[in-house]
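Engineer: Going by the numbering used here, the residue at position 73 of the sequence shown is 95; the numbering climbs one at a time, nothing skipped. Here a beta-carbon is modelled for each residue, glycine too, at the ideal position from N, C-alpha and C. Keep in mind that this is a model prediction, so the values were computed, not measured.
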Amino acid sequence: MDRPAGRKPFRFERFWFEYPDLQELVVKVWRERINASPMGRIHQKLWRLQHNLRCWSNSRIGDLPKKVAEAHGSLDSLLQQDQDPSLLNVPLGHIRAATNKLTALERQLEIFWAQRSHQKWIVEGDRNTRYFQAKVHRRRAYNRIERIRSMDGSMITNSKDIRQLVLSHFTNHWQSRIEDPLDLPPDLFDKKVSPDMEADLIKPFTESEIELATLKEFRPISICDTKYKILAKILVRRLKMVLPSIIGMEQGAFVPHRSIHGHLLLVQDILHSLRSQKGRHRGRLMGTKVCEAVNHRLATWKSQLLSMAGRVVLIKSILQAIPTYMMFAASLSASVAGNCERVARDFLWYQGRHGRSIHYIGWDTVVQPKAVGGLGLCRLKDMRKAILATLAFRFLLHPSLVSQFLNLKYKWNGNPWEIPRLNRPSSVWRALYSGLRIARIHIRKVPGHPNTGQVRKPPKASILQLCKMSLGLTAATNNIAFKPSNDCD
Numbered sequence: 023m024d025r026p027a028g029r030k031p032f033r034f035e036r037f038w039f040e041y042p043d044l045q046e047l048v049v050k051v052w053r054e055r056i057n058a059s060p061m062g063r064i065h066q067k068l069w070r071l072q073h074n075l076r077c078w079s080n081s082r083i084g085d086l087p088k089k090v091a092e093a094h095g096s097l098d099s100l101l102q103q104d105q106d107p108s109l110l111n112v113p114l115g116h117i118r119a120a121t122n123k124l125t126a127l128e129r130q131l132e133i134f135w136a137q138r139s140h141q142k143w144i145v146e147g148d149r150n151t152r153y154f155q156a157k158v159h160r161r162r163a164y165n166r167i168e169r170i171r172s173m174d175g176s177m178i179t180n181s182k183d184i185r186q187l188v189l190s191h192f193t194n195h196w197q198s199r200i201e202d203p204l205d206l207p208p209d210l211f212d213k214k215v216s217p218d219m220e221a222d223l224i225k226p227f228t229e230s231e232i233e234l235a236t237l238k239e240f241r242p243i244s245i246c247d248t249k250y251k252i253l254a255k256i257l258v259r260r261l262k263m264v265l266p267s268i269i270g271m272e273q274g275a276f277v278p279h280r281s282i283h284g285h286l287l288l289v290q291d292i293l294h295s296l297r298s299q300k301g302r303h304r305g306r307l308m309g310t311k312v313c314e315a316v317n318h319r320l321a322t323w324k325s326q327l328l329s330m331a332g333r334v335v336l337i338k339s340i341l342q343a344i345p346t347y348m349m350f351a352a353s354l355s356a357s358v359a360g361n362c363e364r365v366a367r368d369f370l371w372y373q374g375r376h377g378r379s380i381h382y383i384g385w386d387t388v389v390q391p392k393a394v395g396g397l398g399l400c401r402l403k404d405m406r407k408a409i410l411a412t413l414a415f416r417f418l419l420h421p422s423l424v425s426q427f428l429n430l431k432y433k434w435n436g437n438p439w440e441i442p443r444l445n446r447p448s449s450v451w452r453a454l455y456s457g458l459r460i461a462r463i464h465i466r467k468v469p470g471h472p473n474t475g476q477v478r479k480p481p482k483a484s485i486l487q488l489c490k491m492s493l494g495l496t497a498a499t500n501n502i503a504f505k506p507s508n509d510c511d
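Here is the structure:
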């Protein structure tokens with residue numbers, strides 16, 4: 023669906039920072055006095071700033087691609103005039119000024135396309151290539167609604183009819199109700215918020231809270247969302263101290279040291295008990311295949327638009343994201359891991375549609391760290407070991423609903439040195455058993471109080487060190503220490 027004719031929505035352009043008079047304009051508009059309420063003043067100042075920035079951009083900058091083309095033409099004419107012996111030589115300062123102007127405009131155009139491609143560019147690295155422009159065109163085509171099916175089954179292609187259908191749909195389903203949803207009996211919920219917590223939540227905002235919220239958000243974001251982001255950050259910091267006493271153990275989000283993976287493991291263990299019942303397809307996993315998901319994500323990218331470094335970065339983001347999430351919820355077999363790595367190898371050495379690509383370097387060398395000559399890619403087998411150890415440490419250090427369930431089901435007291443080995447256990451218990459075996463190799467008891475126990479860090483990185491760093495644990499919170507190991511070498 024095309025955008026209706028008229029004024030385009032306001033967007034703050036990052037390349038505006040290339041003009042020194044931008045700051046003077048912002049300061050001048052923001053210091054104007056307005057007689058209104060505090061929130062009214064902010065709203066009026068933002069509206070005036072938006073209007074002045076729009077007028078300033080039209081008069082000061084104008085059409086940026088057109089200016090780049092004009093700068094190219096001016097520089098070409100100066101160079102041709104300088105090379106023509108029948109004409110006077112052009113001063114070198116004029117050519118240098120035209121070159122600097124063209125360079126500045128091309129940099130602004132590069133920032134313009136980088137902002138619209140929604141991709142993270144390497145600072146002082148990437149340039150305005152076909153890849154980023156293809157991302158812009160693909161995203162615009164993806165967001166455009168060409169046709170939509172109405173409730174009666176007819177297909178609508180006219181943009182005005184599509185707009186009216188969407189408007190009527192949301193108006194009918196999300197219009198304001200007559201009854202008040204907050205008019206509920208006071209004894210419906212158990213009151214878990216103490217008076218002190220309530221006072222901390224409704225107290226006025228302080229200057230220190232605003233500074234703490236704005237320092238991390240200090241970046242060129244949309245002007246319209248500045249006040250909302252500051253207030254939301256303050257409210258989140260306040261609610262963070264109250265949510266653990268309100269949200270029950272059944273909820274796996276919004277509380278530190280809780281994850282949705284625990285609920286997935288709990289469901290898998292329950293499904294394992296259903297396999298003993300009679301029936302067809304009971305307990306069978308109906309999920310997305312990991313290799314197909316990795317292949318689909320990599321296939322959506324055009325390899326010819328990416329350099330070798332770009333392919334490496336993309337493989338890291340895909341190969342470490344999709345299988346990692348699955349490995350936290352289920353054990354990944356060696357065959358599946360090998361197929362995923364094969365897809366990554368073919369994408370890395372892709373040379374065209376015709377013929378088979380040549381792998382110039384072995385995969386064992388590619389997965390080595392960059393310091394020893396590799397590309398820094400991961401091996402899924404090593405990731406699986408680290409994830410299993412991470413799950414084991416979560417069970418040991420942070421009791422949750424799934425840990426209590428498994429302790430009661432398998433009659434385990436939580437001691438990593440006394441792990442019961444069962445016949446035909448569930449896949450969850452087998453994964454936990456493997457992780458505990460890895461953890462047991464790398465930990466030892468430290469005598470003394472947990473807060474005073476001494477922990478010696480090994481000279482080499484081990485799997486459990488990585489797990490402890492990823493969980494944000496400190497040595498003074500438990501009586502488990504690490505010892506050196508060569509399993510990761």
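Locate the alpha helix (DSSP H) running through THR193, then write down its first and last residues.
Structural biologist: 181–195
Engineer: Give me, in chain order, the residues of the same chain whose beta-carbon lies closer than 6 angstroms to that of VAL264; leave out the 5 immediate sequence neighbours on both sides.
Structural biologist: Around VAL264: MET219.
Engineer: Mind checking THR193: buried by the 16 CB within 10 Å criterion, or exposed?
Structural biologist: It is exposed - the Cβ of THR193 has fewer than 16 other Cβ atoms within 10 Å.
Engineer: From the DSSP secondary-structure annotation, give me the bridge partner or partners of ARG171.
Structural biologist: MET177
Engineer: What are the boundary residues of the alpha helix (DSSP H) that LEU286 is part of?
Structural biologist: 282–296
Engineer: Does the segment 413–422 come close enough to the segment 392–404 to have 3 or more Cβ pairs within less than 8 angstroms?
Structural biologist: No, they do not touch.
Engineer: From ASP85 to HIS94, what distance separates their C-alpha atoms?
Structural biologist: 15 angstroms
Engineer: Report the option in PHE32, LEU114 and GLU132 whose CA atom is closest to the CA atom of GLU40.
Structural biologist: The closest CA to that of GLU40, considering only PHE32, LEU114 and GLU132, is found on GLU132.
Engineer: From SER448 to SER355, what does the alpha carbon distance come to, in whole angstroms?
Structural biologist: 15 angstroms
Engineer: Classify CYS77 as helix, strand or coil using the three-state DSSP reduction.
Structural biologist: helix
Engineer: Exposed or buried, which one is CYS313 when buried takes at least 16 other CB atoms within 10 Å?
Structural biologist: Buried, since its Cβ has 16 or more Cβ neighbours within 10 Å.
Engineer: With a threshold of 7 angstroms on Cβ separation, who are the neighbours of ILE269 within its own chain once the five nearest residues in sequence on each side are excluded?
Structural biologist: PHE276 and VAL277
Engineer: Is CYS313 helix, strand or coil when you go by DSSP?
Structural biologist: helix
Engineer: Where VAL48 and GLU229 are concerned, what is the direct C-alpha to C-alpha distance, given to the nearest angstrom?
Structural biologist: VAL48 and GLU229 have their C-alpha atoms some 23 angstroms from each other.
Engineer: Does the beta carbon of VAL215 come closer than 8 angstroms to any beta carbon on chain D?
Structural biologist: Checking the listed chains, one finds no chain D in this structure; it contains a single protein chain.
Engineer: Following the continuous alpha helix (DSSP H) through ASP43, name the residue where it begins and the one where it ends.
Structural biologist: For ASP43, the uninterrupted alpha helix (DSSP H) segment begins and ends at 43–52.
Engineer: Run through DSSP, which three-state label would PRO87 get?
Structural biologist: helix
Engineer: DSSP three-state label for ILE200, please.
Structural biologist: Bear in mind that a pLDDT of 49 at ILE200, under 50, signals an unreliable position, so the model cannot answer this.
Engineer: Could you tell me the alpha carbon to alpha carbon distance between GLN72 and GLN273, rounded to whole angstroms?
Structural biologist: Put simply, the backbone Cα of GLN72 is about 42 angstroms away from that of GLN273.
Engineer: Any contact of the segment 178–187 with the segment 221–228, i.e. 3+ C-beta pairs under 8 angstroms?
Structural biologist: no
Engineer: State the DSSP-derived secondary structure class of ILE441, mapped to helix, strand or coil.
Structural biologist: coil
Engineer: DSSP state of ILE133, grouped into three classes?
Structural biologist: In the three-state DSSP reduction, ILE133 falls in the helix class (H, G or I).
Engineer: Just how far apart, CA to CA, sit ILE200 and ASP183?
Structural biologist: Caution applies to ILE200, whose pLDDT of 49 falls short of 50 and renders its modelled position unreliable; the value that the coordinates give is listed next. Answer to the nearest angstrom: the Cα atoms are 29 angstroms apart.
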